[in-house]
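S.K.: Protein chains in written order, with my numbering: chain P, 463 to 759; chain V, 463 to 759. In this text, a Cβ means the ideal position worked out from N, Cα and C, and glycines have one as well.
There are 2 protein chains.
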Amino acid sequence: MTDLTGLSAFPITPASASGVVDVAALRGLVGRLAAAKVDSVGLLGSTGSYPYLTRDERRRALDAALDEAAGRVPVLVGVGALRTDAALDLARDAQAAGAAAGLLAPVSYTPLSDDEVFEHVRAVADGSGLPICFYDNPGTTHFAVSPALLGRLSRLPGVVAAKSPAAPAAEVAGRIAALRAAVPDGFRLGSSVDWHAAEALLAGSEAWYSVAAGLFPRPCLAILRAARRGDGAEARRLDAALAPLWALFRAHSSLRVVYAAADILGLCRAEPPRPILPLPAAVRADVAAVVERLGLG
Amino acid sequence: MTDLTGLSAFPITPASASGVVDVAALRGLVGRLAAAKVDSVGLLGSTGSYPYLTRDERRRALDAALDEAAGRVPVLVGVGALRTDAALDLARDAQAAGAAAGLLAPVSYTPLSDDEVFEHVRAVADGSGLPICFYDNPGTTHFAVSPALLGRLSRLPGVVAAKSPAAPAAEVAGRIAALRAAVPDGFRLGSSVDWHAAEALLAGSEAWYSVAAGLFPRPCLAILRAARRGDGAEARRLDAALAPLWALFRAHSSLRVVYAAADILGLCRAEPPRPILPLPAAVRADVAAVVERLGLG
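1) Per DSSP, which residues does V/A669 bridge with? Please list them.
2) What are the residues in the stretch 502-527 of chain P lying within 8 Å of chain V by C-beta distance?
3) With a threshold of 16 other CB atoms inside 10 Å of the CB of P/G728, please say whether the residue is buried or exposed.
4) For the pair the stretch 542-558 of chain V and the stretch 590-598 of chain V, tell me if three or more CB-CB distances fall below 8 Å.
5) Evaluate contact between the stretch 477-484 of chain V and the stretch 656-667 of chain V, counting only Cβ atoms and requiring at least three cross-stretch pairs below 8 Å.
6) Give the single residue among V/A496, V/D577 and V/A747 whose Cα lies nearest to the Cα of V/A610.
7) Any contact of the stretch 565-575 of chain V with the stretch 485-503 of chain P, i.e. 3+ C-beta pairs under 8 Å?
8) I'd like to know whether the C-beta atoms of V/V539 and V/L515 end up nearer to each other than 8 Å.
9) Is V/D555 close to chain P, meaning its C-beta is less than 8 Å from at least one C-beta of that chain?
10) At 4 residues or longer, what runs of the alpha helix (DSSP H) sit wholly inside the stretch 489-556 of chain V?
11) Per the contact definition of three or more C-beta pairs closer than 8 Å, is the stretch 664-675 of chain V in contact with the stretch 637-647 of chain V?
12) Counting C-beta neighbours from all protein chains within 10 Å, is the total for V/R712 16 or more, i.e. buried, or is it exposed?
13) Which first and last residues belong to the alpha helix (DSSP H) in which P/I738 is found?
14) Mind checking whether P/W670 and P/S511 have CB atoms under 8 Å apart?
15) Please report whether the beta-carbon of P/S480 lies at a distance below 8 Å from any beta-carbon of chain V.
16) DSSP state of P/P600, grouped into three classes?
17) Can P/A722 and P/R755 be called in contact, C-beta distance under 8 Å?
18) Given that P/P573 touches chain V, what residues does it touch there, using C-beta distances under 8 Å?
19) Given this structure, state the Cα-to-Cα distance separating V/G652 from V/L574, to the nearest angstrom.
20) Give the residues from the stretch 594-623 of chain P that approach chain V closer than 9 Å (Cβ to any Cβ), ordered along the chain.
21) Mind pulling the chain P residues with CB within less than 7 Å of V/I474?
22) Return the chain-ordered list of same chain residues with a C-beta closer than 6 Å to the C-beta of P/F649, the five sequence neighbours on each side being excluded.
23) Looking at chain P, is there any beta carbon in it that lies within less than 8 Å of the beta carbon of V/P627?
24) Using DSSP with H/G/I as helix, E/B as strand and the rest coil, what is P/G676?
25) Could you tell me which chain V residues have their CB closer than 9 Å to the CB of P/E733, listed as they occur along the chain?
26) With the cut-off set at 8 Å, would you say V/C682 and V/P476 are in Cβ contact?
27) Is P/I738 close to chain V? Criterion is C-beta to C-beta, closer than 8 Å.
28) Measure from the alpha carbon of P/F472 to the alpha carbon of each residue in P/L741, P/A479, P/V535 and P/R521, then state which is nearest.
29) For a contact defined as C-beta to C-beta under 7 Å, what are the partners of V/L544 on chain P?
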């Protein structure tokens, strides 16, 4: 079974205005990540716009990515959906197709209780047999996962890991310690929020679920490797070098920035799904300048 | 064209565990509301679980409700969706079926900017020809609508009204005045949040978009009528009599409470869509006691 550690790179899912996935462009993105030797590909994450795509298109994207990645890199795939039965269908699709694990966020419209999230995750893990990484993304789900709830979730059969937002530097060690105390040995704790990831890795986070790595895997791998060998000074130096990218992510959202960057780099010409708009020309020029200045791509 | 004023009653949408609408049960709920002479039925609102149902099921629900309501009460219908093209399809379905207006909430996963919400609403209103009531429901969409944005939206052709959450009593007059100052004459401002609705009506809100009225139209109509004739003392007395119901709504969410109440009253046996769970037995007993004590149903 795939061990959910290291750098997990989250590409966008290039698609037409009507939501038809451009599988050739997606293969190109996944192939770059495999060649860069990331530890896993996080397909159809929030960056991959999973909630905006139909079940059929998500399956097409997964089949293409798995075929491209075959034998080179494991593929995690977002299986979140508003309805429990829909998330279970997606997890069964992913299990049948050969995904390494499913990323399951507590997507909601009506705000959910802890018990509702617990039963949702249990139904999906139990009914699919797919290893599940619980996907804590309060910026999109607006659900706050306490250490106590993560402790309950982490004891469900098949729930093997969590992707949690990394706290700012001053709080990250305490936050990871609180989560670690709540989960059993062997349960993998990983972090999102790229601009806090270096400190999270240095504080013991076992995986970096990265938007930036979906387009720029090499500088992210360099940060990961420095952190893993305990070289905090080098990890922080490499992270600081990416500060202009992090500033764009924070100001305009990482999703909108990586769509623009993929286009600037000539990797694909996709736009995010409406109502999400492409960045205005002036901001796009800022993205192009940062990509150029940092030697990204 | 329907004037969006008065009491708009929001029923649940009874459906099977797999999301197939029970059109006979829905007709029963809509028929009760028509007989009670509410000013409109708010079909497939948040209480009607619209985001949890497919386009086909939403169309089945609308056709059944319109047929039941024909000539008796106008039907507003939720047309919100995560994708702009999906919301436009739903609005076109609603226009073709004969709905009086569409309720359009800025549903999101990736948080949206003001410009993105504006373009989303413009595309749906312009492309469908359906009169649109902008549906400001920050508890589910997590999008905060400023008076300035509502002012822009209210000037879009086809956007005729807004449903906004009523502020607590101390703030409601100021909030409504701020919205009123931002929108053109004739644009209809209405309120949700049942436990603040009486004060909102007394402060000049022109419509009450009500969860409670979806099951209990008569006591809500009595509040509306007292407020309309300027009898604040009577409106407040009637509102205070419903305080035990409002307490249940606040503690357990109005959605979960009205599902339980519909079952207790023998109107339908539906449960909310999973992951939303039915209320536990002890809370259900509290709901039954309040329904009995207040003489609801």
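M.R.: Taking the geometry as given:
1) V/G468 and V/G652
2) S508, S511, P513 and Y514
3) exposed
4) yes
5) no
6) V/D577
7) no
8) no
9) no
10) 517-531
11) yes
12) exposed
13) Unbroken run through P/I738: none, as it is neither H nor E.
14) no
15) yes
16) helix
17) no
18) G601, T602 and S715
19) 23 Å
20) G601, T602, T603 and H604
21) Within 7 Å Cβ-Cβ: nothing; V/I474 doesn't reach chain P, min ~12 Å.
22) S616
23) no
24) helix
25) Here the premise fails: no neighbours, minimum Cβ distance about 12 Å.
26) no
27) yes
28) P/V535
29) P513 and Y514
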